[in-house]
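For the sequence shown, the residue numbers in mature numbering (1 follows the signal peptide of the UniProt record, and there is no 0) are -18 to -1, 1 to 365.
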Amino acid sequence: MAAVGVLAAVAAAGSGSGCDEDEEYCPGLEPFFFDEAEAIADHERRLRRQQEEARKEERRVWAEKVNMAVRNSILDYDIKQDGQYYNRFYFADFSKFDLDEESPVGPMRYTDRVCDEYWPNTSVNILSVKIASLDVDWPIYVYGTVIARDSIDHKCIYLFRRDKDHCQLITSSDQSLILTGPKRGLALMGDMHVEIDLKMKDLLGQEEELSKGFSTIRGIAGRHFDKCNLESQDLATRLSTMVVTYAVVHDAAEATILIEVTGGEFFGKITACTTSIPSIETASGPGRNCSSHKKEGSRKSLDIVLHDSNEAGENCNGKGVIQLLRSTISLSQEEDLLVTFVDKTGNHNSLSFTPDIFGRVEAETTVGLTSMLVKVAWSLMQV
């Protein structure tokens, strides 16, 4: 029927030419040749364009509705945030971005690549997440999630994740959450975000929201860094004020650590730090440059806990490859990585590693009667 309409329109146009039907030639007019197939094809092309425009408009309306629905779902109210606020990362088009998708990017991306040229990148080490103040009495049992979103893909990288059947007991503001991430080095170009969704149970089993919101770690634009800057961010919501303490590392390399017991058994704690992370007293606020530390006790408060036999529980038999809470740490290529072992009887030892931009290195040590092998894989921190 569409083709008939096209032909009828063409015929009607031709009938108004002003020439008699019996005349073979009209002065001043070019001969008219009607291509039926081309007319049908042209009509079909116009129809397809109209249909495609309609589909685009339908997709646009759908995307706008989805984006707005997600934004409305994360719009919250808390008097500690001066009213309305977004309780999750919202700098995205949610018709294309899944807020709950875990980042597929893992560690050691450049360990086995030889890079002739590369740009120095900045990274972040999350050192602790603490409850600085609490509107109810201690102790409390904490569960939920703490997530980092970095400059690589802004997807979820878990720092802390526990369900309500596996809570962590927190007894004071000095105690940090036991962090089990990130699974890779965190890249900082644009702003990075730490998203907190924590709940609590008291000793009577009553459940309440403890903290819900996110903090922003400012990107590198317009900032000056030495090897390492120690900073912190507060988040006041619900029943608490959370404090995230972190080190911004310039010209960063990623270290992925594996530790194996090669002789005897190990029960104790293993920590990692870099030679430029200061004691807490040397960093009075965001952006203060790192310096050497003087107090060993303060220094320990900023070490990254790789393993704690008390936390590993039944998963720790003291032999073979040790289960680590965290296995990655970022450090400036101008500093060293220190891995420290302390067993349950107080024996201790440390290993120092000089960073590289790719490749692997290993070293042996003994702690008391236990022999240990430490392997470190180096990688660039490229966005």
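C-beta atoms are modelled at their ideal positions from N, C-alpha and C, and glycine is treated no differently. Just so it is clear, the structure is predicted and the values come from calculations on it, not from any experiment.
Do you know whose CA, among the options, lies nearest residue i's CA?
i, options, result
"Ala74", "His175, Leu320 and Pro121", "His175"
"Asn211", "Ser222, Leu221, Thr219 and Ile199", "Ile199"
"residue 387", "Thr223, Gln33, Thr244 and Ser193", "A question about residue 387 goes unanswered here, because the residues of the chain that appear run from -18 up to 365."
"Met50", "Lys38, Glu26 and Ser77", "Ser77"
"Ser334", "Ile311, Leu351, Thr257 and Leu306", "Thr257"
"Lys194", "Ala237, Leu57 and Asp290", "Leu57"
"Asp80", "Ala36, Tyr59 and Cys138", "Cys138"
"Ser361", "Met90, Ile113 and Ser110", "Met90"
"Leu217", "Glu190, Glu236 and Asp179", "Asp179"
"Phe249", "Cys97, Leu306 and Pro102", "Leu306"
"Ile134", "Glu316, Glu213, Glu84 and Leu109", "Glu84"
"Met224", "Gly163, Ile152, Asn292 and Lys251", "Ile152"
"residue 454", "Ser314, Leu313, Leu288 and Ser312", "Here the chain comprises residues numbered -18 to 365, so residue 454 is not present and cannot be evaluated."
"Ala359", "Leu313, Thr347 and Asn329", "Leu313"
"residue 370", "Glu316, Val365 and Leu351", "One cannot answer for residue 370 here, as it falls past the ends of the chain, which runs -18 to 365."
"Thr127", "Glu293, Asp145 and Val324", "Asp145"
"Leu109", "Val118, Asp17 and Cys255", "Cys255"
"Leu315", "Arg27, Gln33, Val365 and Asp338", "The sequence shown places Gln at residue 315, rather than the Leu named in the question. Taking only the C-alpha atoms, the option nearest Gln315 is Asp338."
"Pro121", "Gly187, Arg27 and Trp44", "Gly187"
"Val87", "Asp94, Glu20, Gly65 and Pro164", "Pro164"
"Asp82", "Glu39, Ile129, Glu293 and Tyr228", "Ile129"
"Gln215", "Tyr67, Gly204 and Tyr228", "Tyr228"
According to DSSP, residue i sits in a beta bridge with which residue or residues?
i, result
"Gln150", "Val124"
"Val321", "Ala254 and Leu333"
"Glu190", "Met182"
"Phe196", "Glu177"
"Val118", "None; Val118 has no bridge partner."
"Lys112", "Ser158 and Val225"
"Gln66", "Tyr59"
"Asn107", "Ala229"
"Glu84", "Cys138"
"Val287", "Thr253"
"Ser131", "According to the sequence provided, residue 131 is Arg. The question's Ser does not apply to it. Beta-bridge pairing links Arg131 to His175."
If I follow the unbroken beta strand (DSSP E) through residue i, where does it start and stop?
i, result
"Arg143", "Ile139 to Arg144"
"Arg342", "Arg342 to Val349"
"Glu213", "Cys210 to Thr219"
"Ile236", "Here residue 236 is Glu; the residue named in the question, Ile, does not match the sequence. Ala234 to Gly245 is the extent of the beta strand (DSSP E) around Glu236."
"Thr223", "Ser222 to Val231"
"Lys357", "Thr352 to Leu362"
"Ala169", "Leu168 to Leu170"
"Gly300", "It is not in any beta strand (DSSP E) - Gly300 carries neither H nor E in the DSSP assignment."
Suppose contacts are defined by Cβ-Cβ distances below 8 Å. Is residue i in contact with residue j by that definition?
i, j, result
"Val230", "Leu319", "no"
"Val356", "Ile241", "yes"
"Asn331", "Val343", "no"
"Leu192", "Arg220", "yes"
"Lys301", "Glu247", "yes"
"Tyr123", "Met182", "yes"
"His25", "Phe71", "no"
"Val106", "Leu159", "no"
"Asp285", "Thr238", "no"
"Ser197", "Ser115", "no"
"Ser55", "Lys112", "no"
"Glu236", "Thr310", "yes"
"Asp184", "Val118", "yes"
"Cys149", "Phe340", "no"
"Tyr92", "Gln364", "yes"
For a cutoff of 8 Å on Cβ pairs, would you count residue i as touching chain B?
i, result
"Leu29", "Here chain B cannot be found, since the structure has a single protein chain."
Am I right that residue i and residue j are in contact with their C-beta atoms under 8 Å? What's the rounded C-beta distance?
i, j, result
"Ala234", "Thr336", "14 Å between Cβ atoms; not a contact."
"Leu161", "Arg308", "6 Å"
"Arg131", "Glu177", "7 Å"
"Lys251", "Asp208", "Rounded, the Cβ-Cβ distance is 29 Å, inconsistent with contact."
Residue range of the alpha helix (DSSP H) that residue i falls in?
i, result
"Leu29", "Glu18 to Ser55"
"Glu309", "Before going on, a small fix: residue 309 reads as Ser here, not Glu. That residue, Ser309, is in no alpha helix (DSSP H); it is neither H nor E in DSSP."
"Ser291", "Ser291 to Ala294"
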